[in-house]
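For reference, the structure is listed below as structure tokens.
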Amino acid sequence: MPHESPDTLRRQLTAAGVDPFDERVYREILVRHTAAPAELAAPLGCSADRAARALDRLRELGLVGRLSGQRRRYAVIEPGAAIEALVRARTAELATVREAAGELSRLFDAAQAGGTEEVEVVVGSEALGRWFVRLQQEAREEVITLDRPPYALTTSNPVEATALTRGVGYRAVYAPEALEWPGVLGDIRELVARGEEARVLPGLRVKLAIADRRLALLPLSLDFTGEVRAAVLRPSALLDGLVDYWEMCWRAATPLGAPADDPLTEDDRRMLTLLVAGLKDEAIARQLGWSVRTMRRRISALNDKLGAANRFQAGVIAVRRGWI
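Residue numbers (the UniProt record's numbering): 1 to 324.
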């Protein structure tokens, strides 16, 4: 049997999205069952802070859980189930990437063959803003968007509220990073109350707005510190490809909001929604106006209510039951 080096053995979880150092931390706590960061620092040859950050990342992946109490201490979750859940999640992500590759190939081919009548390039933040307003004002049936930072002018969109009152439907897919911007989550909740359908998709790398599937606005770069350039697209194979790509993102995204009659409190639902969207503890606490300590105590109580061992399982249970 070929000999495998210790380094190779310690990288067996890399394909599942576990950092090599985090895997070393995981293997160290695995044999101890429970440990505090300071207890792992010496055998790993690192600082307690670095070990704590790795344990937090492992907790986000559902491999360890944090024990209750003021002292920071972690426990390993049964590896068979935890790693299987992690592999399933990574497999689903890779399937989405594979599907996206075909759609992006269509976009590339269409762009190569696109003519000036179908694609118009506009320059400057103000021009981008004017086209975004015009696109919504000309919409008669539906506006669909992919929304993520940065923002060329402002995060708010007063045009949407007016369009919703005249019967234009809105469906928006937001990146988790958008929810961290001051005021954005509140704006989204107001728009959802007016009729917008909103979902969240981690890993969103494109900003896009499409009106009635016949006119689209696509920033050509997410670097808004220099010259802003965007493409205005009219009916073409390229526009069809963008619509297909949006539909794929919509299917993969997690809905924001929940049925009014679910047993969760409004604060629990908001917290779970942000957890599932992928926000970190500090960002969630900031959005909800809580301290990080309060937020983590609420998560612990919510896990008990749902019978979940960790936040990953809590999110799965809530989604499965249709609560978020």
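Positions of the beta carbon are idealized from the N, C-alpha and C atoms, including for glycine.
Just so we're clear, the structure is a prediction, and the values are computed from it rather than from any experiment.
Secondary structure in the stretch 17 to 88: the alpha helix (DSSP H) runs of 4 residues or longer, each lying completely within the stretch, are 20 to 30, 37 to 44 and 48 to 60 in chain order. Using a Cβ distance threshold of 8 Å, Ala209 and Phe312 do not count as a contacting pair. Going by DSSP, Tyr174 is part of the beta strand (DSSP E) stretching over Gly169 to Tyr174.
Along the stretch 193 to 266, the alpha helix (DSSP H) occurs as fully enclosed runs of 4 or more residues at 237 to 252, listed in sequence order. With fewer than 16 other CB atoms across the displayed protein chains lying within 10 angstroms of its CB, Glu138 is exposed. Separation of Gly129 and Val206 (C-alpha to C-alpha, rounded to the nearest whole angstrom) is 17 Å.
Between the alpha carbons of Ala198 and Leu164 lies a distance of about 14 Å. When the Cα atoms are used, Val123 and Arg229 turn out to be separated by approximately 5 Å.
According to DSSP, residue pairing for Leu146 in a beta bridge involves Val173 and Leu208.
DSSP, reduced to helix, strand and coil, places Glu141 outside both helices and strands of the structure shown, so it counts as coil. The stretch 176 to 190 makes contact with the stretch 273 to 280; the number of CB pairs closer than 8 Å reaches 3 or more. Sequence-distant partners of Asp49 (beyond 5 residues in either direction) whose C-beta falls short of 8 Å from its own C-beta, in its chain, are Pro37. In the three-state DSSP reduction, Glu180 falls in the coil class, being neither helix nor strand. Taking 8 Å as the cut-off, the Cβ atoms of Leu146 and Trp246 count as close. For Glu120, there is no enclosing alpha helix (DSSP H); the enclosing beta strand (DSSP E) has its first and last residue at Val119 to Val123.
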